[in-house]
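Counting from 0, one number per residue, gives the positions in the sequence shown under numbering that gives the first Met the number 0.
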Amino acid sequence: MLNRTLTVSCNVGVRFISTANTTKNVDSATITAEAKEAYYKNLGTNFGVEDNTKPAGWDEALPYKSIPGPKALPIIGNVWRFFPYVGDLHNIDVLEMHRRFYKQYGKIAKLGGIPTFPDTVFIFSPEDFEVLHRNEGAFPIRDALKAFQHYRTVVRKDIFKDVGGVTTVHGIDWYNFRSKVNPILMQPRTAQQYADSMNVIANDFLANVKRFTKSHPTGEMPEDFLNHIYRWALESIAYIALDRRLGCLDPNLRRDSEPQKIIDSAIRMFYLYYKIEVLPTLWKVYKTKTFREFIDVLDTMTFTFLKYINEATERIKKDKTPKEEHQMSVFQRLLKIDQKVAMAMAMDMLTAGVDTTGRTTGAALYFLAKNTEAQNALRKELRSLMPNKDSPVTKEVLTNASYLRAVIKETTRIAPISVGNFRQAIKDMVLCGYQIPKGTNLLTCNLVLCHSDEYFPEASQFIPERWLRSTTGEMSHKNTHPFVHLPFGFGPRSCIGKRLANLELEIVVAKMVRNFNLEWHHEDMKYVCYPLYGIASPLKLQLTELED
């Protein structure tokens, strides 16, 4: 049966489905660009309509119960696999688990038999990534982040009330919230509005970097340099979310300061989430020590953010200066919609915008330090666009900095924050030749494929050129299925902050490379995935300030 399982075609099923009440699914190859555009325009028009039809290939597909995966033992199921000494999944991170599943089971695997956890099906086929995403409907369901949801709807219901934000709600509540904030946060002009401010904040970060280069005989960055990048990330997202500077880049910032406590809490929060949501846990039965620490960490962040949000709200209310819509800040426009929406969205931005952007920035600088040719190519481009090293990174610079964008894309291929995208099947589907019943939890394991030579030649190498339009041949990304590399997700539930995150990343990386030569003189970087993926070794770059 296992051999048969691994040879079943992974192309059976749907790649694209209309919101119309159709009786069968249609392959994406037969869909025109106009039809796809109409599909997205019509998302959400059939709120109450359920599609209970069976997809093409359902009767020929193998049953759900035959999906390969770790076999559960009687009574204890698969939970023993995570135990010390005896468990084959003990003390390995998320990415390593995915790699093992892919090697052992092929393009689909199922993990079940864990108390309080539903089955999860792991997908390793880009064709089936597309099937899943094309059929996620108007309200994509991500049945994860249960602990965050519990915090906002139970523990701190008095604060969040009926507005959970973009991360912890589903269905019509999620759609209503997202439809309010999308026109603000997903517009290119919103990111462009903050280019000047992000340049100023990046300049303050570079001033700290210059002090570090002068304080070390070889210009090596301190062991906690990644934490200083986190400070820059928090300062950047706080300005966007709250209309204010927090002082994170003060060279004399204390370890017990509010900004540093936020950073420490954000990093700890994601690790604790891994402990209580990814690993087997009983917090849903009784409140474990780890869960209580998780709540304490969220409280630290929530009450600090709430203080900042209330201050920003009062400051804006007192400002009677008339402003056109395009002159308003993100927070002002959110307040104009609804104060609860503004509060929840600001919380989401501040919570998610530190560890994520910080790790990606650190990875980009490391890859450039390790790859002199790529660094020199980027610096050549930047010198043509920024004649002086102190020149601002303007809209025109970013528009024409194709190699800079390629560097960011290659960074998110090798070291993205997320290993994949989590979705719940909203209808019966066929994936990798197996029946997938409605309600099944699925994870697209994108990072495993991004690290595979099958999809990216010389996958272990940092090669930004693969993303350039001018690149042809096997090295071009155009030869790879577009659903392999999805660092910001896909569809209606893609990352709402992707434009702002890219703006922050591109500006600070451009300024660093335009002002410093980056070198690396240590062992290769180590990475961890608990559950965010990213660099783990001290980021002790050696920097030399450039003359021009």
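From the three backbone atoms N, C-alpha and C, an ideal C-beta is built for every residue, glycine too.
Residue i versus the options, residue with shortest Cα-Cα distance
i, options, result
"P139", "T439, L403, F366 and R404", "T439"
"G164", "K339, E380 and E409", "K339"
"R230", "L131, R188 and I200", "I200"
"I413", "H97, F482, K394 and I462", "I462"
"Y433", "I107, V447 and A311", "I107"
"K283", "G170, P321, N399 and V153", "V153"
"D295", "Y285, R155, K102 and Y193", "R155"
"L377", "T52, R468, G361 and E505", "E505"
"L110", "K335, S65, V180 and Y526", "S65"
"Q191", "G112, P491, I239 and L144", "I239"
"I158", "P530, D298, L403 and I425", "D298"
"D223", "G357, E324 and D523", "G357"
"T470", "I308, S401 and P117", "S401"
"T398", "L441, L384 and I171", "L384"
"G105", "C444, P537 and Q460", "C444"
"D347", "E464, G361, L305 and M197", "L305"
"L538", "L441, E409, T359 and A55", "T359"
"V447", "L94, K322 and E292", "L94"
"C431", "N198, P62, N51 and H149", "P62"
"T166", "L281, G56, E59 and A343", "A343"
"K497", "P83, R141, T52 and Q186", "Q186"
Rounded Cβ spacing between residue i and residue j (contact assumed at less than 8 Å)
i, j, result
"F501", "L542", "A small correction: the amino acid at residue 501 is Asn; Phe does not occupy that position in the sequence shown. Between L542 and N501 the Cβ distance is about 24 Å, and since that is not below 8 Å, they are no contact."
"L278", "F81", "6 Å"
"A363", "V508", "5 Å"
"H132", "G490", "5 Å"
"I416", "G533", "7 Å"
"F121", "F100", "5 Å"
"W466", "H476", "5 Å"
"R243", "A311", "6 Å"
"I183", "R332", "5 Å"
"L245", "P258", "5 Å"
"M197", "E546", "With a Cβ gap of about 25 Å, M197 and E546 do not count as contacting."
"K510", "L205", "6 Å"
"K102", "E276", "With a Cβ gap of about 25 Å, K102 and E276 do not count as contacting."
"A405", "E464", "7 Å"
"N77", "I113", "6 Å"
Residue i, buried or exposed, once every other Cβ within 10 Å from all chains shown has been counted against 16
i, result
"Q374", "buried"
"S8", "In this prediction, S8 scores a pLDDT of 36, lower than 50, which makes its location untrustworthy; the coordinate-derived value is nonetheless stated afterwards. So S8 counts as exposed."
"H227", "buried"
"E380", "buried"
"K437", "exposed"
"N20", "Here N20 scores only 34 on pLDDT, less than 50, and its place in the model is too uncertain to base an answer on."
"N387", "exposed"
"D354", "buried"
"K40", "A caution first: K40 carries a pLDDT of 40, below 50, which makes its placement in the model unreliable, though a value can still be read off. It is exposed - the Cβ of K40 has fewer than 16 other Cβ atoms within 10 Å."
"H97", "buried"
"F290", "buried"
"I74", "exposed"
"K426", "buried"
"D452", "exposed"
"L442", "buried"
"S328", "buried"
| field | Touching by the beta-carbon criterion (3+ pairs, under 8 Å), the region 265-273 and the region 57-77 | value | No, they do not touch.
| field | Whole alpha helix (DSSP H) elements within the region 367-397, 4-residue minimum | value | 371-384
| For the region 132-188, which segments carrying the alpha helix (DSSP H) assignment without a break, of at least 4 residues, lie completely within its bounds, in sequence order? | 145-149, 156-159 and 170-184
| the region 507-527 contacting the region 202-213, beta-carbon criterion three pairs below 8 Å | yes
| message | Report the start-end ranges of each alpha helix (DSSP H) in the region 255-295 that is 4 residues or longer and not cut off at the edges. | response | 257-272
| message | With three or more beta-carbon pairs closer than 8 Å as the criterion, would you say the region 383-397 touches the region 466-486? | response | no
| said: Across the region 211-220 and the region 522-532, are there enough close Cβ pairs to call them in contact, namely three or more that are closer than 8 Å? | reply: no
| Three or more beta-carbon pairs under 8 Å between the region 352-366 and the region 172-180, yes or no? | no
| the region 331-350 touching the region 248-256, judged by at least three CB pairs closer than 8 Å | no
| said: What ranges does the alpha helix (DSSP H) occupy inside the region 481-540, keeping only unbroken runs of at least 4 residues that lie completely in it? | reply: 497-514
| 3 or more residues per run - each beta strand (DSSP E) lying fully within the region 433-476 | 433-435 and 440-443
| request: Report the residue ranges of all beta strand (DSSP E) runs contained in full by the region 193-238; include only those spanning at least 3 residues, in chain order. | output: List check, beta strand (DSSP E) in window: nothing returned.
| Runs of beta strand (DSSP E) lying entirely within the region 81-127, each at least 3 residues, in chain order | 107-110 and 119-122
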